[in-house]
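Numbering follows the working numbering, in which position 19 of the sequence shown is assigned residue number 20; successive positions increment by one, without gaps. Please read the structure below before turning to the comments.
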Amino acid sequence: MVGHKVNYYVFTDRAKEMPNITLANGRQLEVLEVPSYKRWQDVSMRRMEMIRDYSQKKFINEVDYLVCVDADMKFMDEVGVEILSDVFGTLHRAFYGASRTQFPNERRKASAAYIPPDEGDFYYSGSIFGGTVEGVYKLTNFCHHEMMTDKKNNIEAIWHDESYLNKYFLYHKPTKVLSVEYHWEDYLGVQEVKRKRFVLIRKNDTAIRNK
2 MVGHKVNYYV
12 FTDRAKEMPN
22 ITLANGRQLE
32 VLEVPSYKRW
42 QDVSMRRMEM
52 IRDYSQKKFI
62 NEVDYLVCVD
72 ADMKFMDEVG
82 VEILSDVFGT
92 LHRAFYGASR
102 TQFPNERRKA
112 SAAYIPPDEG
122 DFYYSGSIFG
132 GTVEGVYKLT
142 NFCHHEMMTD
152 KKNNIEAIWH
162 DESYLNKYFL
172 YHKPTKVLSV
182 EYHWEDYLGV
192 QEVKRKRFVL
202 IRKNDTAIRN
212 K
């Protein structure tokens, strides 16, 4: 977002461990301390609730757009205002060439995240999405509400918050779809894209999730 004012909001349950970071003029960082959860699945899913609540009470008064991204991603190229829209989704790097029957959507009809095998345009990543504050509020509110509905019925969607995000985009089409340039993994061994703008950092998932 070169040339624009940017606020960085960092959600963490370990706020005291955040380093001091010097930013350029027009940019500021704010650490938002959030609850800790024992299960990584709950950490992932509960962020929808956190983003929703902060959108309503804070973000709406401070910014025009929100870009929500996982912390384990790294900027490798320019990312600018070309991504902004009322609500945008990003193609998942592992399924952008797959048919809809291969998408890892929730297939249990009892789940609020259920998507029939013959429906769905794309499979979207939960690692990067965004839009206007109002657009993000609607998306995250939907996802959190559906998660709580499933939770009451002792159901957990197959890919957690990403499953509910895909259900939302099935019936509320994003006004912009970002290519896999914005959600790439170098260790896939595939090099179709010429520019890798936002890349997932390789990590030991098992070690992190067992902490």
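Every residue, glycine too, gets a C-beta built ideally from N, C-alpha and C. As the structure is a computational prediction, the values presented were derived from the model and not from experiment.
A distance below 6 Å between beta-carbons, with the five flanking residues on each side excluded, links Ala-16 to the following residues of its chain, in chain order: Val-32 and Glu-34. Here DSSP, grouped into helix, strand and coil, assigns Val-68 to strand.
Around the CB of Tyr-66, 16 or more other CB atoms lie within 10 Å, so the residue is classed as buried.
Positions of the alpha helix (DSSP H) runs, each at least 4 residues long and wholly inside the segment 31-110, are given as 41-58 in order along the chain. Assigned with DSSP and collapsed to three states, Thr-176 falls in coil, not helix or strand. Membership of Tyr-138 in any beta strand (DSSP E) is not indicated; the residue belongs instead to the alpha helix (DSSP H) covering 134-153. Between Gly-127 and Leu-166, the CB-CB gap stays under 7 Å. Within the same chain, and ignoring the five residues on either side of Arg-53 in sequence, the residues whose Cβ sits closer than 7 Å to its Cβ are Tyr-138, Thr-141, Asn-142 and His-145.
Annotation: Leu-24 to Val-178 spans about 30 Å, alpha carbon to alpha carbon.
In this structure Leu-30 is not in contact with Tyr-55, their Cβ atoms being roughly 15 Å apart against a cut-off of 8 Å. In the three-state reduction of the DSSP assignment, Tyr-10 falls in the strand class.
Each residue's CA atom was taken as its position, placing His-184 and Thr-91 some 7 Å apart. Of Phe-123, Glu-18 and Asn-21, the smallest CA-CA separation from His-93 is found for Phe-123. In this structure, Met-74 lies away from Phe-170, with their beta-carbon atoms at least 7 Å apart.
One alpha carbon belongs to Phe-104, the other to Arg-203, and they sit about 23 Å apart.
About 5 Å separates the beta carbon of Phe-89 from that of Pro-175, a gap short enough to meet the 8 Å contact definition. Comparing alpha-carbon positions, the option among Ala-111, Ser-164, Ala-72 and Val-68 lying closest to Phe-130 turns out to be Val-68. By the Cβ neighbour-count rule, Tyr-115 is buried, with 16 or more other Cβ atoms within 10 Å of its own. Secondary structure at Tyr-124: coil, using DSSP grouped into helix, strand and coil. With contacts defined by Cβ atoms closer than 7 Å, Asp-87 and Gly-132 form a contacting pair.
Residue burial annotation: Asn-62 is exposed, with fewer than 16 other C-beta atoms found within 10 angstroms of its C-beta.
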